[in-house]
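Residue numbers (the working numbering), protein chains in the order written: chain E, 1081 to 1520; chain H, 187 to 804.
Ideal placement from N, C-alpha and C gives every residue a C-beta, glycine not left out.
For clarity, every value in this text was computed on a predicted model and none was experimentally measured.
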Amino acid sequence: MSGPKWQAADDLFREFQALGRASLASDIQDSHSGNMAVRRTGADGRDEIVITATGSQKGDLEPSQICFLSATETDYGYYKASSETDIHARILALPGVRASMHAHLKDLVLATLDDAPKPEKPPDFVPVDPLARRILGPAIPVDWFAVPSGSPELTRTIPERLAGHPLTVIFGHGAMAKGRSLREAFYRLSVGNYAGAVVRNLQRIRVDVEAIRRAMAADPAGTLAAPPPDYEIEGDDRSDFREEEEILREFVKAGHRIFESRLSPFHTGSMSVRGVASMLYAPKASMPRDVGGPLLSVPLAAGPGDDAEISLHKAIYAASDFQSVMHCHVAEAEASAYFAYPGETTPADRIIPIDAEGSFLYLVIPVLPPRVTAAALIRALHDYKVAVVRGGGVWAVGAQSLSEVLHHPSSVREVCHYRIGAVERGLDLRRMEPAKAKRW
Amino acid sequence: MSDYPISGYFGRVLVVDLSLGEVRTEPLDPATALDYLGGRGLATRLLYDTIDPACEPLGPDNAFVIASSPLVGTSAPTAGRGHMVFKSPLTGVIGTSNSGGTWGAAFKAAGWDALVVTGAAASPVMIDIAPGRAEIRPADDLWGKTVHETNDLLAAASEPGRPARVLCIGPAGENLVRFAVVANDANRVYGRCGAGAVWGGKKLKAVRVRGREKIAVADKERFQSGLDQALYLIKQAPVTKRLMRDLGTAGLVELINLISMLPHRNFQDCTHRDEDVDRVSGETLAKTLLEKAGSCYLCPIGCQRHTRVAGRDGKEERGEGPEYETMVLMGPLCGIYDMAAITRANYRANELGLDTMSYGGTVACAMEMAGLGLIGPGETGGIDLSFGGAEALEALVGMTARREGIGAALAEGAYRLAAGRGRPDLAMTVKKLELPAYDPRASYTQALGYMTSPSGACHLRGGYAVSLAFFGGAKEIPRFSLLQSPIAIRNMQNLGILQDSLGVCRFTGYAFSADPWARMVSGVTGRDFSVARLEEIENRVAALERQFNVEAGATAADDALPDRFADSPIVVEGRERRVSRDDQERMKRDYYEVRGWDRDGRPTPGLLRALRIEESRR
């Protein structure tokens, strides 16, 4: 086999391994599906493509399953490389693109299935959550292919789609994403699947998704919370508080848990622990093992460069005694925030647990409108410790630690899971909800 | 029912001037009630308005205040506790102590929200309280009697159908032992800081209450929603559901040892043999001495230990305890692992009215001093004061309470004992209050709690970081974070202020924090006590306690651990741990900042204004 010999310490190999594992952990791959590719400048100064071998297990990549191809040659047929190599090569040739990734986004694929006769082009997918609308745009292309894998049609169409979009859907198969880095491509795929999960969950609880789409089209600012910050591809290794060993460990643990428990898509959400004048802040809270993200020490005082996300952390600390804050995008909660009881037209202002654990922890979980003021959110957090913002994710606070606050989005996901399942089965939530919660 | 504008209160403060022999009722200012809530908060405000914090603690210028809360008298779980504040004769700063049992609920049912006692009587007296009346009575016949004798005599004189509840001191209080307790229901105590000596200085032997007054709940539905959730959570959380009832607080012994925090030989180390720890564990207590568990007023948790033990004369004795703190501070801290001896010493301390925590800390200090030749054999009357001396532990209880022999020196507490012989560094105290049974080197958060507690080294007033660190699961607190400790401990302290101000038990904190209480107190009062508003009250009370201490002469230099904890490491999870002076200073500085105090630890005028803390009205 030609190409450089991979060493265990090689950063790029570790990145392939870690993201491969992460994609399996987030259930956007099958055992052998998907592929990843990166364009880089080789030792000889020429661009080359590094790509996973066809049929390799992305959860356990080995050095021999990484292939090196010339980016300038027309023959991409190296026998071990991915069957999608031609597509990747064309995507990687797009301006500014350094990485591409293909995955089987089950939730998004399911949300885009239709039974219309083909080859009619399926409609674009319109996300209704704040992440996908910001990161992937208001419409994600969906294309049907007679041969939906490695075909010339794909090789021609997918790069065209990705020239204008960060992510595109291959009908009934999966999605391709581009990025300035492999992490950004994975981030986009994760957000895409999340968008599918939100829509799927809305459908399960019989919410009129088209009505939400119409409302969002008519008034995007009024129906979604402040957008997430732009994705940064630099600085993931930065750690400003290495001397705080225990807190560092807490952040890393919490990051793993958010990602692995699907409390927020890869590198979304945020979490912080405050000190006296500064806070320790993770702007990419959902961090898989071996990937990580930046761990920053930032002043508590508001700064001119603060984005909406960090500003809200600071506002919560300024107006309360809380020590920790977490923001996650839980698909089940995002959907549940739109739930209206049968016979009612407006979504409920609370989520009432019907399961034992949820009832034990929460009488009710408040649902707040998308453009809720910081003051109103803080008030809800004082009273409930956790709140779901419709079109804005789950916010939670703790008095003592990150471990404490992590509990809330995790429990909210479970609470919503049972409620969604109950509605899907045709059960009457009103009869299942504790009377004391309905009174409150 | 009361016609006071805020439901849950009677609007009456009972004021007793022992110097003048006068009893009067004063109105409770509604604004004060809303700003300080009750219990610790209200009592602190009333004390600050009554005495000069620089007063002599054992003289007539000191006062004590006991306050109830709007939740006491409702069905809120554990809401029957009372809180007493005074200037401590042990520490010279605010003395603040809490007790369970039934006296607090009985006092509220007598129709008052607070009791303020000033002055001093010329001869022993007691105060008798019933709905609509209170009087001072001679108590010469009770003087010299033990806590249990006094309790039995006064309770026996109850009116039919209206049992009397008795709050009293024992001989230790009469003899002005600086860590004497005030006891209620025989074995429940206002334990820390020497309230018993304050009473002794006033020649006040007992306060008896009887009452059946009811309070109204303004918004029953709101109250009930908080109550439902609180009861549900108490029944679910492992500590409140089972551990406390099965093992009592002594169930902590083995757990605290597991995290290298169980002190040994006057905090020289935290090293014990496992078999020794087992001899003083909650499990062993449950298997050997426990007769039954018991509960305070309206408590579903039930941590009380009703025990029996063979006396030194072979006769069976019955009593209560030992609790965790007593077990460890009278036990391993003194190198003693003899549960029967600890239990007997606990019984004697309860009878005579001594704080078992300060007593254990003082004896451990004396044992180390004896080992260094600072207390000679001739001073102890033949008692061997070596570490591990269980006989000494038992014998010295009576000598201390009566100030006999070396007991007179022990009665002054560890700090004065050690400082008096030129070695204050041997006293494991903060602000002269003996440390609880958790080594601060094993948790910076707990260390900072001891340093900044308003009443000295108290785990309850300073913030009980250990409990959540070990049991909380989801509430884990990093033990060695300099960054997080100041806010973590501030929040722990504030939760404690809330619980003390509501008259509820600290152990509810194992099940839930402020939110159910906010609903219950809002329901009772009909006022909107959001969690944010409760936070403001907590911060107000903390600032007022600090202001009291500043006026009493305390400075930032008093917020420090004994040298041992900075100089001598212990091993925690394979690493040497100490709390260096630099780390103490950093945490202290940050803590002052989050409290809004200046660099010298004084609440700023701006903070006092923002929290509506007016100057003393005295």
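query	result
Bridge partners for Asn284 (chain H) per DSSP, in chain order?	H:His269
What are the uninterrupted segments assigned as beta strand (DSSP E) that are 3 or more residues long and contained completely in the stretch 1199 to 1273 of chain E, given in chain order?	1247 to 1250, 1254 to 1259
So is Ala1098 (chain E) in contact with chain H if we call contact Cβ pairs under 8 Å?	no
Roughly how many whole angstroms lie between the Cα atoms of Phe666 (chain H) and Arg530 (chain H)?	37 Å
Classify Lys478 (chain H) as buried or exposed, calling it buried when 16 or more other Cβ atoms lie within 10 Å of its own Cβ.	exposed
Apart from the five residues just before and just after Met1076 (chain E), which ones in its own chain have a Cβ nearer than 7 Å to its Cβ?	Since the first residue shown for chain E is 1081 and the last is 1520, residue 1076 (chain E) is missing from the structure and cannot be characterised.
Is Ala1455 (chain E) close to chain H? Criterion is C-beta to C-beta, closer than 8 Å.	no
Could you give the DSSP three-state label for Phe693 (chain H): helix, strand or coil?	helix
DSSP state of Tyr1156 (chain E), grouped into three classes?	Its pLDDT being 48, under 50, Tyr1156 (chain E) is placed unreliably by the model, and the measurement read from it follows with that caveat. DSSP places Tyr1156 (chain E) in coil when its eight states are reduced to three.
Decide yes or no for the touch test of the stretch 368 to 383 of chain H against the stretch 319 to 326 of chain H: beta carbon pairs closer than 8 Å, at least 3 of them.	no
Quick one: grab the DSSP three-state call for Ser1358 (chain E).	strand
Are the CB atoms of Ile675 (chain H) and Thr638 (chain H) nearer to each other than 8 Å?	yes
Indicate the three-state DSSP secondary structure (helix, strand or coil) for Phe453 (chain H) in the structure shown.	coil
Only counting the same chain, and skipping five residues up and downstream in sequence, which positions put a Cβ closer than 8 Å to that of Ile1327 (chain E)?	Phe1321, Val1353, Leu1360, Leu1482
Grab me the residues of Ala1179 (chain E)'s own chain with a C-beta within less than 6 Å of its C-beta, minus the 5 sequence neighbours each way, in chain order.	Val1118, Gly1259, Ser1261, Leu1262, Ala1265
Leu419 (chain H) touches chain B at which residues, Cβ-Cβ below 9 Å?	Within the model displayed, chain B is absent; protein chains E and H are what it includes.
Could you tell me the distance, in whole angstroms, from the CA atom of Val395 (chain H) to the CA atom of Val1356 (chain E)?	46 Å
Grab the span of the alpha helix (DSSP H) containing Gln733 (chain H) for me, first residue to last.	717 to 738
Of all the residues that make up the stretch 1321 to 1334 of chain E, which are near chain H by a beta-carbon distance shorter than 9 Å?	Phe1321, Glu1323, Glu1324, Glu1325, Glu1326, Ile1327, Arg1329, Glu1330
Give me the Cβ distance between Thr277 (chain H) and Lys618 (chain H), rounded to the nearest whole Å; I'm assuming they're in contact under 8 Å.	5 Å
Counting only C-beta atoms, is Ala1395 (chain E) closer than 8 Å to chain H at any point?	no
Quick check on this structure: which residue in E:Thr1134, E:Leu1149, E:Ser1144 has the alpha carbon closest to the alpha carbon of Asp1127 (chain E)?	E:Leu1149
Ala1088 (chain E) by DSSP, collapsed to three states: which one?	Confidence at Ala1088 (chain E) is low in this model, with a pLDDT of 47, below 50, so the placement of that residue is unreliable and no value is reported for it.
Taking all protein chains shown into account, do 16 or more other C-beta atoms lie within 10 angstroms of the C-beta of Val1609 (chain E), making it buried, or fewer, making it exposed?	As displayed, chain E neither begins before 1081 nor continues past 1520, which places residue 1609 (chain E) out of reach and without an answer.
Starting from Cys354 (chain H), follow its DSSP beta bridges and name the residues at the other end.	H:Ala369, H:Ala392
On the DSSP bridge assignment, give the partners of Asn1115 (chain E) in chain order.	E:His1182
For chain E, is any of its Cβ atoms less than 8 Å away from the one on Leu669 (chain H)?	yes
By how many angstroms is the C-alpha of Glu1389 (chain E) removed from the C-alpha of Arg1214 (chain E)?	14 Å
Would you say Ala150 (chain H) faces chain E, with C-beta separation under 8 Å as the test?	Any answer about residue 150 (chain H) is impossible in this case: the structure gives chain H only from 187 up to 804.
The alpha helix (DSSP H) with Glu1412 (chain E) in it runs from where to where?	1411 to 1416
Expressed to the nearest angstrom, what Euclidean distance is found between the alpha-carbon atoms of Ser1103 (chain E) and Gln1097 (chain E)?	10 Å
Assess contact between the stretch 1167 to 1183 of chain E and the stretch 1192 to 1208 of chain E, defined as three or more Cβ pairs (one per stretch) separated by less than 8 Å. Is contact present?	no
What's the gap between the Cα of Arg692 (chain H) and the Cα of Gln685 (chain H)?	6 Å
Taking 8 Å as the threshold (C-beta atoms), are Gly397 (chain H) and Ala295 (chain H) in contact?	yes
Determine which residues share a DSSP beta bridge with Arg198 (chain H) and list them.	H:Pro213
Any idea what DSSP makes of Glu506 (chain H), helix, strand or coil?	strand
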